[in-house]
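In our numbering, the protein residues as written are 87 to 444. To start, the structure itself, in structure tokens.
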């Protein structure tokens, strides 16, 4: 078993060996033509650095704070559903990795084990992500469970009014665990800003909205007192033919006006991606696919190694850019550029042994 991974490309290779076709398709695929997913990666590939030289970078600090919590790097673990298909420990393994390395884990409401069991594996800070799959009484019960378990924030995902057509698993007839239990779709489809106000007031926790894709909705989020605006298109897994999240980010940062912290996900694969996002105004990025690959490759240790490699890449890039801390990054360190590879979920990894894997 490979345990001394030197790049995240190696981790992806190991994950592919260990995963069956159904779980692999669920992890790497997206909706319909996968155009949105490719645009996520292309948006990162179209950003170049403008480094400064002759700066003392003998000491660099990769850390940040997020919602009052210290993090070793500005990377959250995204709320990935059905983590148990990548490793039997599921969300508990991801929670252990987040605690061991020193980042915040946003725990999905549709992964196993239970939210209480996941919380209990480590006392590191966790935020609970909730899909609205029931009426108000059901919603209150879920919030109460999260608060009683000790979660330190609540995240509502907003871009799931309908479950999308994800054709890779459809073609192999593989159904994610979260879709194996029939649910009434009316609840998710009925969530409005008024619903968000009600949930936010009842929860009385630091509050995140995930799935914001326009300046208009970012401005509304600020009006409704949201603490964190999460720029996301669900990794291209919901609405196809959308913009890449890094294309959305500048207008959303402007609309938020510093009144909410900003998270962005979608296509994050390297430390340089993290720095690009922070330079454009994000407080943190979030990783989903990388999280799943790390867990599939070697469980908690595999995911910790993913984060270690990201930190190594961040530190190297910071030194070469002439910055020593995250708060020094700004739009002056980046510019638009032409991509050099075709957009693909793995287009950041041109050294992948044997080419891209499917």
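We put the beta carbon where it would ideally sit given N, CA and C, even for glycine. These numbers were taken from a predicted model, which means no experiment stands behind them.
Exercise for the section: Counting only the same chain and skipping the five closest in sequence on each side, list residues whose C-beta sits under 6 Å from that of residue 173. Expected result: By 1-based counting over the chain shown, the position of residue 173 is 87. The answer, listed in chain order, is 179, 381, 385.
Exercise for the section: Identify, in the order they occur along the chain, each residue of the same chain with its Cβ nearer than 6 Å to the Cβ of residue 277, setting aside the five sequence neighbours on each side. Expected result: If you number the chain shown from 1, residue 277 lands on position 191. Counting only Cβ-Cβ distances below 6 Å, and skipping sequence neighbours, we find 218.
Problem - Assigned exposure category for residue 140 - 16 Cβ within 10 Å defines buried - result: As a working note, residue 140 is residue 54 in the chain shown. Residue 140 counts as exposed, since fewer than 16 other C-beta atoms from the protein chains shown sit within 10 angstroms of its C-beta.
Handout entry: Backbone CA spacing between residue 312 and residue 293 [nearest angstrom]
Key = The residue labelled residue 312 in the question sits at position 226 within the chain shown. The residue labelled residue 293 in the question sits at position 207 within the chain shown. Going by the C-alpha atoms only, they are around 6 Å apart.
Exercise for the section: Within the segment 304-366, note down every full beta strand (DSSP E) run reaching 3 residues or more, in order along the chain. Expected result: You should have 314-317, 347-351.
Handout entry: For residue 425, the nearest candidate out of 383, 271, 130, 258 (CA to CA)
Key = Within the chain shown, the letter at position 339 stands for residue 425. Ranked by Cα distance from residue 425, the options 383, 271, 130, 258 are led by 130.
Practice task
Would you kindly work out how many angstroms separate the C-alpha atoms of residue 87 and residue 327, rounded to a whole number?
Solution key: One-based indexing of the chain shown puts residue 87 at position 1. One-based indexing of the chain shown puts residue 327 at position 241. Note that residue 87 has pLDDT 40, beneath the 50 cutoff, so the model's placement of it is unreliable and no number is given.
Problem - Among 364, 421, 422, 433, nearest to residue 355 - alpha-carbon criterion - result: Along the chain shown, one-based indexing puts residue 355 at 269. Comparing alpha carbon positions, the residue from 364, 421, 422, 433 closest to residue 355 is 433.
Practice task
Could you spell out the range, first to last residue, of the beta strand (DSSP E) harbouring residue 173?
Solution key: For the purposes of this step, residue 173 is taken as residue 87 along the chain shown, with counting starting at 1. Segment: none, residue 173 is in no beta strand (DSSP E) and carries neither H nor E.
Practice task
Spatial neighbours of residue 427 within its chain, please: CB distance less than 7 Å, with the 5 preceding and 5 following residues excluded, ordered by chain position.
Solution key: Taking the chain shown and counting its residues from 1, the one referred to as residue 427 is at position 341. Apart from the 5 residues on each side of it in sequence, residue 427 sits with its Cβ closer than 7 Å to the Cβ of 131, 433, 436 in its chain, given in chain order.
Practice task
Measure the CB-CB distance between residue 282 and residue 320 and report whether it falls below 8 Å.
Solution key: In the chain shown, the residue the question calls residue 282 occupies position 196. In the chain shown, the residue the question calls residue 320 occupies position 234. No, they are not a contact pair.
Practice task
Indicate whether residue 162 and residue 114 have their beta-carbon atoms separated by less than 8 Å.
Solution key: Position 76 of the chain shown, counted from the start, is the residue given in the question as residue 162. Position 28 of the chain shown, counted from the start, is the residue given in the question as residue 114. No, Cβ-Cβ distance for residue 162 and residue 114 is not below 8 Å.
Exercise for the section: Could you tell me which uninterrupted beta strand (DSSP E) segments, each at least 3 residues in length, are contained entirely in the segment 266-298, listed from first to last along the chain? Expected result: Secondary structure remark: continuous beta strand (DSSP E) runs of at least 3 residues inside the segment 266-298, in chain order: 293-298.
Problem - Member of 248, 403, 407 whose CA lies at the smallest distance from the CA of residue 265 - result: Counting from one through the chain shown, the residue named residue 265 turns up at place 179. Residue 248 is the option with its Cα nearest to residue 265.
Problem - Beta-bridge partners of residue 214, as assigned by DSSP - result: Position 128 of the chain shown, counted from the start, is the residue given in the question as residue 214. According to DSSP, residue 214 bridges with 193, 240.
Handout entry: Helix, strand or coil at residue 225 [DSSP, three-state]
Key = Mapped onto the chain shown, residue 225 falls at position 139. Residue 225 falls in the helix class under three-state DSSP.
Practice task
Specify the secondary structure class of residue 150 as computed by DSSP and reduced to three states.
Solution key: By 1-based counting over the chain shown, the position of residue 150 is 64. Note: residue 150 maps to strand in three-state DSSP.
Problem - When 299, 227, 240 are compared against residue 212, the one with the closest alpha-carbon - result: Indexing the chain shown from 1 puts residue 212 at position 126. If we check each option's Cα against that of residue 212, 240 comes out closest.
Practice task
Inspect the beta-carbon positions of residue 304 and residue 363 and report whether they are closer than 8 Å.
Solution key: Locating residue 304 in the chain shown gives position 218, where the first residue counts as 1. Locating residue 363 in the chain shown gives position 277, where the first residue counts as 1. Judged by beta-carbon spacing, residue 363 lies beyond the 8 Å limit of residue 304, meaning their Cβ atoms are not closer than that value.
Practice task
Jot down the residue ranges of each uninterrupted alpha helix (DSSP H) in the segment 113-150, minimum 4 residues, whole runs only, in chain order.
Solution key: Unbroken alpha helix (DSSP H) stretches of 4 residues or longer found wholly inside the segment 113-150: 121-131, given in chain order.
Problem - Rounded straight-line distance, which links the Cα of residue 185 to that of residue 449 - result: Nothing about residue 449 can be reported from this structure: the residues present for the chain run from 87 to 444 only.
Handout entry: Span of the alpha helix (DSSP H), counted from its first residue to its last, around residue 389
Key = Counted from its first residue, the chain shown places residue 389 at position 303. Taken as a continuous stretch (DSSP letters only), the alpha helix (DSSP H) holding residue 389 covers 375-407.
Problem - Rounded C-alpha distance that separates residue 448 from residue 314 - result: Here the chain comprises residues numbered 87 to 444, so residue 448 is not present and cannot be evaluated.
Problem - Collapsed DSSP secondary structure at residue 159 in the structure displayed - result: Numbered from its first residue, the chain shown carries residue 159 at position 73. Three-state result, residue 159: coil.
Exercise for the section: State the Cα-Cα distance for the pair residue 338 and residue 128, rounded to the nearest angstrom. Expected result: On the chain shown, residue 338 is found 252 positions in, with the first residue counted as 1. On the chain shown, residue 128 is found 42 positions in, with the first residue counted as 1. The straight-line gap from Cα to Cα measures roughly 19 Å.
Exercise for the section: Provide the residue span of the beta strand (DSSP E) that contains residue 103, from first to last. Expected result: By 1-based counting over the chain shown, the position of residue 103 is 17. No beta strand (DSSP E) contains residue 103, which is instead part of the alpha helix (DSSP H) from 94-104.
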